[in-house]
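The structure appears right after this line, and notes come after that.
Numbering (my numbering), first residue to last: 873 to 1324.
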């Protein structure tokens, strides 16, 4: 009953659930079955599950992705923002209310698919559970992205739904009855359920935080910090050894840093507020405007130190020490993330809605991660390029050309390198970071001079 006391849900229920719309879906399904029986062929389960995916995932994501944008377009957002409804109530109302009729249609379609019985019970449960989870994550992601950016929300939601469907089908269809997580045994279905709840809660919480920002409430980094820690801990739990858990946690932190770079890249005013609040000693205001990449980067550095100590004791580290170091590779990966973050800031900072920004971003990834490496490896053989590049760095540092050849070292310009020496793997990307940092500094100074 608490849900029905939400004014947003009541508004959507009154507008969405008319008598005609209530009877339309079951009547259409009944007619479909009757026609199929007359022609000696009822609708198949595969067909009905496809319809369920189109209605719940595609249509539901589109509806959830435009729920906030429609309020702005209809000029009703200012009234809602100044009303007594809280951001949490507003988020619940908009997500559940806007998609309520979608889930009503999905219920009837899912029931019809079950009644058709074209699949065995296990396959039907796996596919059906994956589609439901994909719909939930897709709706929440589209809504949260729409509140923050208002562009491409449906596409982002559909991509999140596709990833969820793939992950759940892999998890439930893996052929194992139990999942070991931090050495605790969970049934497969229970672990699936709580995993979906875990990610759904955090995506929904992201939407609430975005609404709080739109309604000019204070957003402290507690939610983001808890998400970063629990996100890393979730993936670390699948591994047994300490070094592997640190490795999984570290990779999760790099993902969060990269995600935060995308979120903060064009937020010049946020950096200004963070700087001046810290300069004036306003701690809470400084925390409120702290860039979101700070926390995962801080955790990544700490976990990297723990990983290096733990992995050094592992037998594999000694066996592969002459070929390369996993710790060196992870350090290089961190610098490559920082390099891309600097480029994103240089590209998006102060650009607003300018044209061709998306094309520039695509060109950056295409040229730097695909075309240029392919050209280098086609022009110069791998062994020769590796020898030349390694000798060049070594001669710059030590003025000594007697260094063993490291194949593929030329690619340290473009990818994290598996190398036994830290300086050989980090120096190329470090120079790129310095160059991009200089370009970013010049752009910030140009923007400041323009505003003076």
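Ideal Cβ placement from N, Cα and C applies to all residues, glycine included.
Extent of the continuous alpha helix (DSSP H) to which residue i belongs
i, result
"residue 1067", "1060-1086"
"residue 1144", "1140-1151"
"residue 967", "959-970"
"residue 1185", "Note, residue 1185: premise wrong, no alpha helix (DSSP H); not H, not E."
"residue 916", "Where residue 916 is concerned, there is no enclosing alpha helix (DSSP H), given that its DSSP letter is neither H nor E."
"residue 1125", "1114-1136"
"residue 884", "879-888"
"residue 932", "932-937"
"residue 1090", "Careful: residue 1090 lies outside any alpha helix (DSSP H) and carries neither H nor E."
"residue 1157", "1155-1160"
DSSP-derived helix/strand/coil call for residue i
i, result
"residue 1050", "strand"
"residue 1302", "helix"
"residue 1321", "helix"
"residue 1099", "helix"
"residue 1174", "helix"
"residue 1024", "coil"
"residue 1001", "helix"
"residue 1263", "Because the pLDDT of residue 1263 is 49, which lies under 50, any placement of that residue in the model is unreliable, and the question is left without a value."
"residue 1110", "coil"
"residue 1057", "strand"
"residue 1272", "Confidence is the limiting factor: at residue 1272 the pLDDT is only 46, short of 50, which leaves the residue's position unreliable and the question unanswerable from this model."
"residue 976", "helix"
"residue 1290", "coil"
"residue 1221", "coil"
"residue 1236", "helix"
"residue 865", "What is shown of the chain runs 873 to 1324, which leaves residue 865 out entirely."
"residue 1279", "Because the pLDDT of residue 1279 is 44, which lies under 50, any placement of that residue in the model is unreliable, and the number read from its coordinates should be weighed accordingly. Of the three classes helix, strand and coil, the one that applies to residue 1279 here is coil, per DSSP."
"residue 1197", "coil"
"residue 1038", "helix"
"residue 1163", "coil"
Residues of its chain near residue i, where Cβ-Cβ distance is below 6 Å and the 5 sequence neighbours each way are ignored
i, result
"residue 1272", "Low confidence applies here, because residue 1272 scores a pLDDT of 46, under 50, leaving its location unreliable and the question unanswered by this model."
"residue 1130", "1209"
"residue 1285", "1300"
"residue 925", "1003"
"residue 1076", "1012"
"residue 1216", "1133 and 1137"
Own chain, CB closer than 7 Å to residue i, minus 5 neighbours either side, in chain order
i, result
"residue 1214", "1305, 1308, 1309 and 1312"
"residue 1019", "940, 1079, 1082, 1083 and 1086"
"residue 936", "967, 970, 971, 1011, 1014, 1015 and 1029"
"residue 889", "973"
"residue 920", "981, 984, 985 and 988"
"residue 893", "973"
"residue 959", "1080, 1083, 1084, 1087 and 1089"
Own chain, CB closer than 8 Å to residue i, minus 5 neighbours either side, in chain order
i, result
"residue 1318", "none"
"residue 1287", "1208, 1241 and 1245"
"residue 1146", "1158, 1161, 1162 and 1163"
"residue 932", "971, 974, 975, 978, 1007, 1010 and 1011"
"residue 1191", "Low local confidence applies: a pLDDT of 49 at residue 1191 is under 50, so the model's placement there is unreliable, and no value is given."
Cβ distance (whole Å) where residue i is taken to contact residue j below 8 Å
i, j, result
"residue 1294", "residue 1203", "6 Å"
"residue 1118", "residue 1182", "6 Å"
"residue 879", "residue 965", "7 Å"
"residue 1289", "residue 1220", "Going by Cβ atoms, the distance from residue 1289 to residue 1220 rounds to 28 Å, so no, they are not a contact pair."
Residue-level contact to chain B via CB, residue i, 9 Å cutoff
i, result
"residue 966", "No chain B appears in the structure shown, which is made up of a single protein chain."
Using 8 Å as the cut-off, can you tell me whether the stretch 1081-1092 makes contact with the stretch 1132-1142, which would need three or more C-beta pairs spanning the two stretches below that distance? no
| said: I'd like to know if the stretch 1002-1012 and the stretch 1030-1043 are in contact, where contact means that at least 3 CB-CB pairs between them fall below 8 Å. | reply: yes
Would you call the stretch 1047-1062 and the stretch 1118-1125 in contact, with 3 or more CB pairs under 8 Å? no
Checklist line | Contact the stretch 883-903 vs the stretch 969-988: 3+ CB pairs below 8 Å | finding: yes
**Prompt:** Is it true that the stretch 1237-1244 meets the stretch 1160-1172, where meeting means three or more beta-carbon pairs spaced less than 8 Å apart?
**Reply:** no
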